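Going down the list, the protein sequences come from chains A and B.
So in UniProt numbering the end of the first sequence lands on 334, straight run, no missing numbers.
So in UniProt numbering the end of the second sequence lands on 334, straight run, no missing numbers.
For reference, the structure is listed below as structure tokens.
There are 2 protein chains.
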Amino acid sequence: MADVAAEAHVSVKTVSRVVNREPGVRRDTEQRVRGVIDRIGFMRHDGARILRQGRTQTIALVVEDLANPFYSQIGAAVEREARIRQHQLITASAEGSPTRERVVLEGLINRRVDGLVVVPAGERPATDPTVSASGTPIVYVDRPVRGEPCDTVISDNPGGVRSAVEHLVANGHRRIAFLGDDAEFWTARQRREAFVAIHDALGLPGDTRIAMGPHTVESLAPRLDAWSRERTPITAVITGNNRVTLNALHAMRQVGIEMGLVGYDDFELADLIEPAVTVVHQDPTSIGQKAVLQLFARLLGDESPAQTVVMPTRLIVRESGRLPASLRARKALP
Amino acid sequence: MADVAAEAHVSVKTVSRVVNREPGVRRDTEQRVRGVIDRIGFMRHDGARILRQGRTQTIALVVEDLANPFYSQIGAAVEREARIRQHQLITASAEGSPTRERVVLEGLINRRVDGLVVVPAGERPATDPTVSASGTPIVYVDRPVRGEPCDTVISDNPGGVRSAVEHLVANGHRRIAFLGDDAEFWTARQRREAFVAIHDALGLPGDTRIAMGPHTVESLAPRLDAWSRERTPITAVITGNNRVTLNALHAMRQVGIEMGLVGYDDFELADLIEPAVTVVHQDPTSIGQKAVLQLFARLLGDESPAQTVVMPTRLIVRESGRLPASLRARKALP
DNA sequence: CGCTTCCCTGACAACGCTGTCACAAGGACG
DNA sequence: CGTCCTTGTGACAGCGTTGTCAGGGAAGCG
Numbered sequence: 001m002a003d004v005a006a007e008a009h010v011s012v013k014t015v016s017r018v019v020n021r022e023p024g025v026r027r028d029t030e031q032r033v034r035g036v037i038d039r040i041g042f043m044r045h046d047g048a049r050i051l052r053q054g055r056t057q058t059i060a061l062v063v064e065d066l067a068n069p070f071y072s073q074i075g076a077a078v079e080r081e082a083r084i085r086q087h088q089l090i091t092a093s094a095e096g097s098p099t100r101e102r103v104v105l106e107g108l109i110n111r112r113v114d115g116l117v118v119v120p121a122g123e124r125p126a127t128d129p130t131v132s133a134s135g136t137p138i139v140y141v142d143r144p145v146r147g148e149p150c151d152t153v154i155s156d157n158p159g160g161v162r163s164a165v166e167h168l169v170a171n172g173h174r175r176i177a178f179l180g181d182d183a184e185f186w187t188a189r190q191r192r193e194a195f196v197a198i199h200d201a202l203g204l205p206g207d208t209r210i211a212m213g214p215h216t217v218e219s220l221a222p223r224l225d226a227w228s229r230e231r232t233p234i235t236a237v238i239t240g241n242n243r244v245t246l247n248a249l250h251a252m253r254q255v256g257i258e259m260g261l262v263g264y265d266d267f268e269l270a271d272l273i274e275p276a277v278t279v280v281h282q283d284p285t286s287i288g289q290k291a292v293l294q295l296f297a298r299l300l301g302d303e304s305p306a307q308t309v310v311m312p313t314r315l316i317v318r319e320s321g322r323l324p325a326s327l328r329a330r331k332a333l334p
Numbered sequence: 001m002a003d004v005a006a007e008a009h010v011s012v013k014t015v016s017r018v019v020n021r022e023p024g025v026r027r028d029t030e031q032r033v034r035g036v037i038d039r040i041g042f043m044r045h046d047g048a049r050i051l052r053q054g055r056t057q058t059i060a061l062v063v064e065d066l067a068n069p070f071y072s073q074i075g076a077a078v079e080r081e082a083r084i085r086q087h088q089l090i091t092a093s094a095e096g097s098p099t100r101e102r103v104v105l106e107g108l109i110n111r112r113v114d115g116l117v118v119v120p121a122g123e124r125p126a127t128d129p130t131v132s133a134s135g136t137p138i139v140y141v142d143r144p145v146r147g148e149p150c151d152t153v154i155s156d157n158p159g160g161v162r163s164a165v166e167h168l169v170a171n172g173h174r175r176i177a178f179l180g181d182d183a184e185f186w187t188a189r190q191r192r193e194a195f196v197a198i199h200d201a202l203g204l205p206g207d208t209r210i211a212m213g214p215h216t217v218e219s220l221a222p223r224l225d226a227w228s229r230e231r232t233p234i235t236a237v238i239t240g241n242n243r244v245t246l247n248a249l250h251a252m253r254q255v256g257i258e259m260g261l262v263g264y265d266d267f268e269l270a271d272l273i274e275p276a277v278t279v280v281h282q283d284p285t286s287i288g289q290k291a292v293l294q295l296f297a298r299l300l301g302d303e304s305p306a307q308t309v310v311m312p313t314r315l316i317v318r319e320s321g322r323l324p325a326s327l328r329a330r331k332a333l334p
């Protein structure tokens, strides 16, 4: 900038004014400065600008694994919303480890990102000293943190599970199993609890099977096989997230069982599998969008109490919720 | 930092030394400073550090669409490799628009990212003045740019297409169509050309069908239907990328045609569709990894001439490459 | 003509940190 | 006792911007 100033016979301040399109520069001066800028290829150093102004125009997204379509869709939405608001997005993976998450968050706060969208790993309480002391606004996504209330965007897990169970029941299923992901995950637990609650509410048999992950195809196959051979066999399963759904589908294919299925999370080609998979769809794009909206409200000074937004889910009915023909004969209890 | 210094009765420089674990601080001084830091919750301001040191410890990834699994897997790999090397990753979408790409790149260079991994939009020549003038090292991924040679990581498109065609031919197919993505994309064109070349090399009929996209299910369904009804019908298609594969699968399902298929890009559940889809797999994780490797070599001062790395593809044989039973009767030309 | 007002421009400090250099104190050594 | 070296510490400048304030000239006004 000093070089430009010297070359154009003006002060650095005037160059700054031109670069930032500030008013109060005579037209010919501006032309001259602009000419020099183009000629020597000057580019403003945003680092210095940031240091001076205190705002980094950057937000960060911390997720478990960017390659998981659920998170990458959130990522795409967050990036788009950030870009619209002239902010850059830093993405970071915590790989599900609270320790790594701390390190990552600390690094981001050292960089003075303006705000954070975080899918919290584990059960970290909201009052992480490093984070809360920094005053950086955070919006949690997909699962809440413990302790004092924080801005959070989650999806309606009980509602999603209820729609799945009701759909299966309406199709004649009575004994429904639940394959949840590792109980370490809050979403997994919440969905399990909802599963139990809705069973009670509908007066369904209480001895249905519940198995929490991690699930591999190898462990799932014999388990599903066994469940379907019991004296009071299950006729359908609800899977707790996209990973589990995939593995369960592989397992079923492998063992050759026919069984009702409602998956959690929609996935590409769910409609091309035979039978097409009925799923509970939570819209990652809307979730990400909503989170950014909330974050920017805070950045613009919104001081209202922390808010938890529950995003609705939608049951996408395809075919896998039906009672398979092979099971219709020995139709279950009333 | 000044506050800490005052509180601990040392100079800011000593605080700086402690924070950065520089040697040459007496043990008790360090303890005292560390105590104050913890007490008042000091966190180093990396923006200032960066301004002083000139390195941002940040690289950026510019892709078309983060929600596309191919790119999000590259993104995950790049982030991981960057993290290992103590760098943060900024991701940005250009949404396929060269104009937007320019703006995005300019913004990233203003931030003085240390390096860039870019999936170039369109046919931008390598000599983008803003970028090349800045001297920021760039590695292009998935498709090359025109003009002077640049570091580039692409996958072996001719090899991939060849393996697809050879596989289909080995399964008895003779009339094979190619459904490429928009010819605006370099990869789409390269795959088309490879398709033509291998046909010549193998002496296959020259009148096979080629259609470049954008392809929707609606446009694809009648086209595939028509092709399969002609006097010399095609018996198989090769699809030019994951999007096209998906739409083609939907279209086939919709019209109810049986036809051989080899898709470009692997996708989750390709093995659960009936018949399981044979694909040409390009490994986005390795591609991303390789690109970062190359980038950091440049950052560490590697001055060797620009290099184009071609990553091998792998044909994942499942079932969709077979000659459907319904077509086996009127078995095609020798 | 003197005064105010407006427009344009520049000097300067400061954002928070670190590299350089200098300096003081203490011990080793001749 | 003087010299040299080592160790720990601090003063200061400067990274590239921008906010603040001040100043100079032209125009407007009485």
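From the three backbone atoms N, C-alpha and C, an ideal C-beta is built for every residue, glycine too.
The structure displayed is predicted, hence computed values, not measured ones.
inquiry  = Can you look up B/R146 in the DSSP assignment and give me helix, strand or coil?
reply    = Here B/R146 sits in strand by DSSP.
query = If you count every other CB in all the chains shown that lies within 10 Å of the CB of B/I109, and 16 or more means buried, which is it?
reply = buried
key: Cβ pair A/A60, A/V113 closer than 8 angstroms   = yes
query = What number of angstroms, rounded off, separates the C-alpha of B/P205 from the C-alpha of B/F195?
reply = 12 angstroms
ask   = How would you write the range of the beta strand (DSSP E) that A/V131 sits in, first residue to last?
value = Looking at the DSSP string, A/V131 is not in any beta strand (DSSP E); the run it does join, the alpha helix (DSSP H), is P129 to S134.
message = Beta carbons nearer than 8 angstroms to chain B: which residues of the region 85-101 of chain A have them?
response = Q88, L89, I90, T91, A92 and S93
inquiry  = Which residue wins for smallest C-alpha separation from B/L179, given the options B/E193, B/G301 and B/Q31?
reply    = B/E193
ask   = In chain A, what lies closer than 8 angstroms to B/G47 by C-beta?
value = G47, I50, L51, T56, R111 and R112
message = My output table needs one value for B/S163: the three-state DSSP class, helix, strand or coil.
response = Here B/S163 sits in helix by DSSP.
inquiry  = Taking 8 angstroms as the threshold (beta carbon to beta carbon), is B/L249 in contact with chain A?
reply    = yes
Residues sharing a beta bridge with A/S304, DSSP = DSSP lists no partner for A/S304.
task = Quick one: grab the DSSP three-state call for A/H281.
result = Three-state result, A/H281: strand.
key: C-beta neighbour in chain B for A/L333, strict 8 angstroms   = Because the pLDDT at A/L333 is just 44, under 50, the model does not fix this residue reliably, and the value given afterwards should be weighed accordingly. The C-beta of A/L333 comes no closer than 8 angstroms to any C-beta of chain B.
request  = Tell me where the alpha helix (DSSP H) around A/P320 begins and ends.
outcome  = Looking at the sequence shown, residue 320 of chain A is not Pro but Ser. Unbroken run through A/S320: none, as it is neither H nor E.
Cβ shell of B/G47 (< 7 angstroms), same chain only, five flanking positions each side left out = In its chain, beyond the 5 residues on either side, no residue has a beta carbon closer than 7 angstroms to the beta carbon of B/G47.
task = Quick one: which unbroken beta strand (DSSP E) runs of 3-plus residues sit fully inside the region 23-90 of chain B? Chain order, please.
result = 58-63
message = Could you compute how far the alpha carbon of A/A275 sits from the alpha carbon of A/G172?
response = The sequence given here places Pro at residue 275 of chain A; Ala does not occur at that position. So the alpha carbons of these two residues sit roughly 17 angstroms apart.
query = Would DSSP call residue 345 of chain B helix, strand or coil?
reply = Missing from the structure shown is residue 345 of chain B; chain B here goes from 1 to 334 and no further.
message = Taking the alpha carbon of A/V141 as the reference point, which residue from A/A133, A/T152 and A/V62 has its own alpha carbon closest?
response = Nearest C-alpha to A/V141: A/T152.
query = Just by C-beta distance, which residues in the region 237-269 of chain B are closer than 8 angstroms to chain A?
reply = L246, L249, H250, R253, F267, E268 and L269
message = Going by C-alpha to C-alpha distance, which of A/A5, A/V19 and A/R83 sits closest to A/F296?
response = Ranked by how close their Cα comes to the Cα of A/F296, the residues A/A5, A/V19 and A/R83 have A/R83 in first place.
query = Name the chain A residues whose beta carbon is nearer than 7 angstroms to that of B/E274?
reply = E274
message = Per DSSP, what are the beta-bridge partners of B/A248 in this structure?
response = Partner(s): none; B/A248 has no beta bridge.
inquiry  = Quick check: the Cα distance between B/I198 and B/V165, rounded to an integer number of angstroms?
reply    = Going from the Cα of B/I198 to the Cα of B/V165 covers about 8 angstroms.
task = Tell me, please, whether the region 72-83 of chain A touches the region 3-13 of chain B by the rule of three or more beta-carbon pairs shorter than 8 angstroms.
result = no
key: Reference A/P129; option with closest CA among B/R39, B/D128, B/T99 and B/L105   = For the residues B/R39, B/D128, B/T99 and B/L105, the minimum Cα distance to A/P129 belongs to B/R39.
Residues near B/D266 in its chain [Cβ-Cβ closer than 7 angstroms; skip 5 each side] = So the list reads V279, H281 and I316, once near-sequence residues are dropped.
ask   = Residue range of the alpha helix (DSSP H) that A/I109 falls in?
value = P98 to N110
request  = Please list, in chain order, all residues of the same chain as A/T285 whose beta carbon is under 8 angstroms from its beta carbon, the five residues on each side excluded.
outcome  = Q73, I74, A76 and A77
task = Residues of the region 119-137 of chain B with a CB closer than 8 angstroms to any CB of chain A: list them in chain order, please.
result = P129, T130, A133 and S134
message = Quick check: the region 27-38 of chain A against the region 63-72 of chain A, are at least 3 beta-carbon pairs closer than 8 angstroms?
response = Result no; under three Cβ-Cβ pairs closer than 8 angstroms.
task = Return helix, strand or coil for A/A94, following the three-state DSSP convention.
result = coil
task = Could you tell me which chain B residues have their CB closer than 9 angstroms to the CB of A/S72, listed as they occur along the chain?
result = The answer, in chain order, is L66, A67, N68, P69, Y71, S72, Q73, G75 and A76.
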